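These notes are about the structure you will find just below.
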Amino acid sequence: MMQYLEVFAAHYNYFITIFLMISGLFIVIARGNLIKKLVGLSLFQTSVYLLYLTPAKILGGTAPIYDGSYKLYSNPLPHVLMLTAIVVGVATLSLGLALVVRIKEAYGTVEEDEIFAKDPEAE
Amino acid sequence: MSALSWGAAEPHLPILLVIVPILGALVTTFLRNSFLAWLVALLVSFTLPFMTIQLLVTVLKTGEPIVYMIGNWEAPFGIVYKVDQLSGYVLTVIALIGAVIMPFARRSVTAEIDERARSWYYSMYLLCLAGLLGIVITGDAFNAFVFLEISSLATYVLIALGRNRRALLAAYQYLIMGTIGATFYVIGIGLLYVVTGTLNFDDLAGRLDAAIIDPGQRNAVVTALGFIVVGLCLKLALFPMHVWLPNAYAYAPSVATAFLAGTATKAAIYLLVRVVFSVFGAAMSLENMPIGDVVIVLSIAAMFLASISAVFETNAKRMLAYSSVAQIGYITLGIAIANQAGLTGSLAHIANHAIMKTALFLALGAVFYRIGSVLYSDIAGIGRKMPLTMAAFALAGIGLMGTPGTAGFISKWYLAVAAIDEGLYSVVFLIVASSLISVVYIGRITEVIWFREPSAAAAQAREAPLSMLIPLWLLVGATFYLGFDTRATVGTAAEAAKVLLEGVR
Amino acid sequence: MFTSLFAALQNVPPEDLILAALLIPSAAALLIPLFHRVPNLREAVTLIAAAALATVTWSLYPHIIDGARPELKVWHVAEGLNLAFKVEPLGMLFALVASTLWIVNSIYSIGYMRGNNEPRQTSFYVCFAVALASTMALAFSANLFTLFLAYEVLTISTYPLVTHKATPEAMKAGRVYLMLLIGTSMVLFLPAIVITWATAGTLDFTPGGIISADGENALSPPLISALLALFVFGIGKAAVMPMHFWLPAAMVAPTPVSALLHAVAVVKAGVFSILKVVVYVFGIDTLAKTGAGDWLVYAAGFTVIMASIIALRQDNLKKRLAYSTISQLSYVVLAAAILTPISAIGAAMHIAAHAVSKITLFFAAGSIYTAAHKTEISQLNGIGWKMPWTMGAFTVGALAMIGLPPTAGFLGKWFMLSGAMSTEQWLPVGIIVLSTVLNAGYFLPILVRAFFVEATPVALHAAGAQAAHPKHDDDHGEAPFPMVLALTITAAMSVLLFFFPDVALNLAKLMVAGG
């Protein structure tokens with residue numbers, strides 16, 4: 291028992307990542323509301339940010355600003371990478387929402403089952 | 002091509018390949034006149050093949066890859082663009098397809114897309130082109146993700162510009178699935194980064210050899226491989242992750258479909274090949290996870306189930322979309338068999354299928370331009386009204402079936418030889434049996450086009466304009482030419498396969 | 011004038027003659043649409059092309075008899091795949107038969123198409139020219155790839171000919187035709203070629219064969235058997251049962267199509283390919299030594315007998331001829347399966363003999379349809395007196411099918427029987443004898459009806475025939491002149507081939523002597 295708690299404590303960042311990943315994916319699959327799907331997608335993408343950022347913190351490392359008196363720094367690269375990923379995520383989200391607006395205009399609803407009821411061939 | 006003097010630009014060709022279309026996209030954003038926008042897109046599209054061919058020819062001649070360091074930062078500290086036999090080949094295919102489609106696009110876009118959105122179409126198209134070229138040319142794993150998303154986002158917009166409201170749903174569904182796929186890919190890269198500390202493909206390759214042996218890191222590497230492969234298979238529409246493709250291709254504007262069918266999935270296939278063979282190495286990929294066996298099974302499932310779905314379709318574009326899923330199955334089959342003949346066949350099929358499928362979609366685009374529909378009920382009997390267009394369609398269809406004398410046969414031959422070389426006799430028969438199903442759906446649409454009474458819509462059709470016929474027949478001519486002169490496709494593909502199987506480290 | 015033309019052609023290098031043989035029908039295919047509006051010029055193109063092609067092929071004949079085997083390497087497509095041509099005796103024989111009969115068939119077509127006012131005649135002649143071009147390519151192919159390419163082009167170019175009438179019935183038949191032929195070639199023939207390449211490392215036709223049972227690329231006898239089966243059933247054009255359904259289905263085509271293509275070009279392409287595979291890919295010795303070809307005797311024999319039995323029960327004349335063709339084709343396969351040189355000679359001779367005889371029979375059938383609009387045998391009472399030339403030719407053709415002297419069919423059967431008896435294979439002997447009796451059983455009644463039964467008035471005809479052919483009349487004469495001319499020529503050839511068999515016999519002997 292203690293063993294498992296130890297593993298959990300040592301890697302709690304990964305467990306949170308996994309939790310967010312799974313919940314995000316679940317929302318995408320299980321929810322029929324188009325906006326909620328996008329929310330789930332964003333949640334899923336957020337988990338990835340954590341996946342990159344959390345290992346970047348080196349235990350005992352300081353902020354990555356060069357100073358002669360420090361030897362160990364946390365890794366700044368993943369932060370940079372995730373800035374890019376966040377931009378991609380934002381772009382995706384905004385594009386998705388724009389599409390949802392247009393779908394609402396075209397179909398009158400953002401519920402997936404209602405849309406397919408109106409237009410069965412679109413499935 | 003090498004006689005073309007690029008002058009001072011020559012050493013910077015790799016980066017120019019990406020910058021030029023991005024700049025083009027920027028310029029077209031400010032152009033409200035769609036003709037000018039088209040002109041810019043045309044100029045860009047015509048310049049790019051020369052650049053890619055220059056790069057490919059240089060690589061083939063010297064046998065050494067071209068490495069371009071961005072900002073003069075050396076790998077693995079900076080991002081590096083690398084052109085070797087494989088990437089040069091795929092770059093050329095993408096650039097050529099883009100160039101051939103552009104003359105066709107002018108009338109087609111004018112007919113199918115709202116006036117306000119027309120120049121936006123060209124911006125998005127150029128961004129998509131930039132993204133696809135970037136995926137292929139980059140040597141950095143995360144950079145590949147960025148370009149993957151650039152091209153995908155542009156693709157979602159391209160699809161959504163279709164007239165039918167179902168295009169919006171198709172784009173949305175593609176967005177959801179595509180983002181999940183890309184995110185899986187980036188999760189895999191993240192795990193690799195945690196293990197090795199680098200993102201450069203070559204550097205990863207070097208460090209993974211050590212990492213896979215270390216029991217503490219082995220799980221992470223294997224999981225990363227799994228995530229990356231699944232993510233990319235979502236992007237390249239391997240069965241059963243192909244669900245987004247039929248609707249996306251069916252409801253997108255005709256030019257967009259023609260372009261995407263020939264290029265978008267191929268870039269993802271390139272990335273898959275690069276990761277599996279260059280980064281992980283064939284031995285590692287195939288022995289640590291049953292990727293080979295799983296992909297073989299899924300490929301065969303794709304070949305059969307998608308072909309059968311195509312037989313029952315009544316929308317011509319959707320039918321060709323399912324056919325594309327089946328053909329992608331052929332490509333992944335060769336990759337999974339992973340011997341010289343298999344890789345050669347798959348890589349050759351990247352070009353061959355792009356040419357044939359683009360020709361078929363262009364023909365349908367011309368039909369849509371004339372009568373506004375591609376449903377079987379509407380295109381019945383249109384063969385007599387648009388003989389040149391439909392003759393091209395029939396000939397490209399013959400190529401798709403794999404008739405000897407066409408490019409399609411060459412790919413099938415190499416795949417069959419690959420299966421026999423590995424002793425997979427049942428796979429040989431499965432390959433040819435699924436080709437037989439393609440005969441059925443091509444035969445069915447040919448019957449509809451040529452042997453039925455013209456429908457009300459078809460009766461009013463006229464032959465397509467020259468700007469549409471010329472690109473179409475160029476591609477059809479290429480289909481037959483490449484069935485005999487295979488030096489460009491098979492020759493290059495064989496070289497690339499050799500390099501990949503040696504495991505470039 | 012022709013002799014000096016001939017002499018001039020003797021000095022042309024044979025490689026150029028091969029190229030000419032391929033280009034002439036292809037050029038015709040391109041030229042014919044240009045004369046779409048001037049039917050007489052359009053037909054002239056076909057006739058001139060056919061005459062030119064025959065001249066070229068006959069000019070190659072002396073070279074082959076002298077022992078030359080001219081080659082034409084066109085293009086290296088990919089590793090192992092070469093587009094190359096090489097003339098050897100069997101191919102020469104096939105090319106001679108096809109090109110000579112094209113002239114006669116073109117004369118016949120003109121009469122038939124105009125006599126029946128058939129639509130879309132331009133595309134008809136174009137497809138015909140393409141079909142002949144691919145037949146030439148097939149006859150002269152130097153390796154399995156070139157053969158396969160020509161084989162597929164032949165299927166595709168004959169599909170529009172089969173569905174020419176464009177009725178729902180024709181479309182359905184066209185589907186069966188296409189699916190069966192492409193199906194067999196894709197699913198069985200192509201894998202056989204790939205396996206051959208993988209095993210032997212080459213696809214070139216080589217005297218003695220490229221597959222062997224010993225040596226470094228050896229295959230075990232069961233595998234050789236299996237490979238042979240893939241070839242035999244994959245080459246669907248040879249109509250070995252159960253890959254025969256396409257042939258009766260193709261009878262919906264206009265009769266010139268049935269005559270040249272489904273009595274000569276397409277079906278002979280099938281058995282020619284099987285013969286080539288047996289002799290030049292496997293090698294007669296290999297098959298004889300390993301016994302891998304033994305099952306073929308049974309398969310071919312079954313087809314011979316079964317097809318004849320089904321023929322007995324057909325009332326539609328063309329369908330009866332179709333099943334007769336299936337049966338006769340398997341004679342050739344049976345002769346090859348006997349695996350003796352003499353029977354191989356018989357196989358080659360039968361290719362020529364059956365071609366001229368069957369085309370006569372089909373010409374006659376089309377002639378009857380054009381003049382009297384009759385298609386069923388039960389309607390043919392007394393027709394021999396109204397159409398003496400047609401039925402005379404039919405008689406000659408029928409006798410040739412049965413194998414009686416002085417018709418060509420006798421020689422082929424004679425050699426086949428000799429070959430079988432010389433190696434004491436009594437089953438083939440029995441099959442040949444039995445089928446000869448069956449042939450008589452379904453041909454002689456037609457002759458009896460035509461000449462010795464009184465023509466019945468319209469009202470007493472069978473109800474089914476009445477409904478199917480409302481237009482048939484009893485007050486008719488002979489068919490149009492071009493048709494009668496054509497069938498008289500081929501009937502004469504059937505008899506002449508008996509008295510002057512040298513061309514066919516020499517080529518057959520050369521083939522057996524060692525390619």
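Residue numbers (my numbering), protein chains in the order written: chain A, 291 to 413; chain V, 2 to 506; chain F, 11 to 525.
Glycine residues also receive a C-beta, built at the ideal position from the N, C-alpha and C atoms.
Because the structure is a prediction, the values reported are computed rather than measured.
- One Cα belongs to Lys329/F, the other to Pro258/F, and the distance between them is close to 6 angstroms.
- Contact check for Leu133/V against Thr264/V passes: the beta carbons are separated by less than 8 angstroms.
- Sequence-ordered contacts of the stretch 378-397 of chain A with chain V read Val378, Ala381, Thr382, Leu385, Gly386, Leu389, Val390, Arg392, Ile393, Ala396 and Tyr397 [C-beta pairs closer than 8 angstroms].
- Proximity of Ala172/V to chain A, defined by a Cβ-Cβ separation below 8 angstroms, is satisfied.
- Here the stretch 20-38 of chain V lies against the stretch 118-128 of chain V, with 3 or more beta-carbon pairs under 8 angstroms apart.
- Think of a sphere of 8 angstroms around the beta carbon of Gly193/F: the chain V residues whose beta carbon falls inside it are Leu437 and Val440, in chain order.
- Among the bridge pairs identified by DSSP, Asp214/F is matched with Asn153/F.
- Rounded to the nearest angstrom, the Cβ distance from Ala317/F to Ile348/F is 19 angstroms, too far for a contact under 8 angstroms.
- Within 9 angstroms of the CB of Val197/F, the CB atoms of chain V belong to Phe430, Val433, Ala434, Ser436 and Leu437, in sequence order along the chain.
- Gly189/V sits close to Ala225/V, with the two beta carbons spaced by under 8 angstroms.
- Restricted to the stretch 274-332 of chain V, the alpha helix (DSSP H) segments that are unbroken, complete and at least 4 residues in length are 283-289, 292-302 and 308-312, listed in chain order.
- Between Ala283/V and Leu502/V, the C-beta gap is smaller than 8 angstroms, which places the two residues in contact.
- Per the coordinates, the alpha-carbon of Ala39/F lies some 15 angstroms from the alpha-carbon of Arg47/F.
- For Thr184/V, the C-beta contacts it makes with chain A under 7 angstroms involve Phe334, Gln335 and Val338, in order along the chain.
- Sequence-distant partners of Met261/F (beyond 5 residues in either direction) whose C-beta falls short of 7 angstroms from its own C-beta, in its chain, are Ser268, Lys328, Lys329 and Ala332.
- Per DSSP, Asn92/F lies in no alpha helix (DSSP H); the unbroken beta strand (DSSP E) holding it starts and ends at Leu91 to Lys96.
- Taking a contact as a CB-CB distance under 8 angstroms, the pair Ala489/F and Gly121/F counts as one, their CB atoms being some 7 angstroms apart.
- Residues of the same chain with a CB within less than 7 angstroms of the CB of Leu421/F, apart from the 5 flanking positions on each side, are Met359, Ala363, Phe508 and Pro511 in chain order.
- Along the stretch 318-332 of chain A, the positions whose C-beta sits under 7 angstroms from a C-beta of chain V are Val318, Leu324, Lys327 and Leu331, read in chain order.
- Any Cβ of chain V closer than 8 angstroms to the Cβ of Met431/F would place that residue at the interface, and such an atom is absent.
- Short of 7 angstroms from the beta carbon of Thr407/V, and not among the five residues preceding or following it, lie these beta carbons of its own chain, in chain order: Ile399, Gly400, Thr480, Phe481 and Gly484.
- With contact defined as three or more Cβ pairs closer than 8 angstroms, the stretch 194-209 of chain F and the stretch 239-248 of chain F are in contact.
- Counting C-beta atoms within 10 angstroms of its own C-beta, Glu53/F has 16 or more neighbours from the protein chains shown and is therefore classed as buried.
- Annotation note: the stretch 117-159 of chain V contains the following uninterrupted alpha helix (DSSP H) runs of length 4 or greater, listed N- to C-terminal: 119-138.
- Counting the other CB atoms within 10 Å of its CB gives Asn50/F a total below 16, which places it among the exposed residues.
- Residues of the stretch 441-464 of chain V that bring their beta carbon within less than 8 angstroms of a beta carbon in chain F comprise Val441, Gly444, Glu448 and Phe452, in sequence order.
- Under the 10 Å beta carbon count, His13/V is surrounded by fewer than 16 other beta carbons and is classified as exposed.
- Going by DSSP, Leu82/F is part of the beta strand (DSSP E) stretching over Glu81 to Ala88.
- In chain order, Val87 and Ala88 make up the part of chain F whose C-beta sits under 7 angstroms from the C-beta of Thr487/V.
- Considering only beta carbons, the part of the stretch 391-416 of chain V lying closer than 9 angstroms to chain F consists of Ile399, Met402, Gly403, Thr404, Pro405, Gly406, Phe410, Ile411, Lys413, Trp414 and Tyr415, in chain order.
- Excluding the 5 residues flanking it on each side, Thr111/V has same chain C-beta neighbours closer than 8 angstroms at Ser35 and Arg119, in chain order.
- The beta carbons of Leu416/V and Gly343/V sit about 7 angstroms from each other, so the pair counts as a contact at 8 angstroms.
- Taking a beta-carbon distance threshold of 8 angstroms, Ile356/V does not count as an interface residue toward chain F.
- Apart from the 5 residues on each side of it in sequence, Leu237/V sits with its Cβ closer than 7 angstroms to the Cβ of Thr266, Ala269, Ile270, Leu273 and Ile329 in its chain, given in chain order.
- By the neighbour-count criterion, in which a residue is buried when 16 or more other Cβ atoms sit within 10 angstroms of its Cβ, Ser384/A is exposed.
- Going by beta carbons, Gly403/V and Ser427/V fall outside the 8 angstroms limit.
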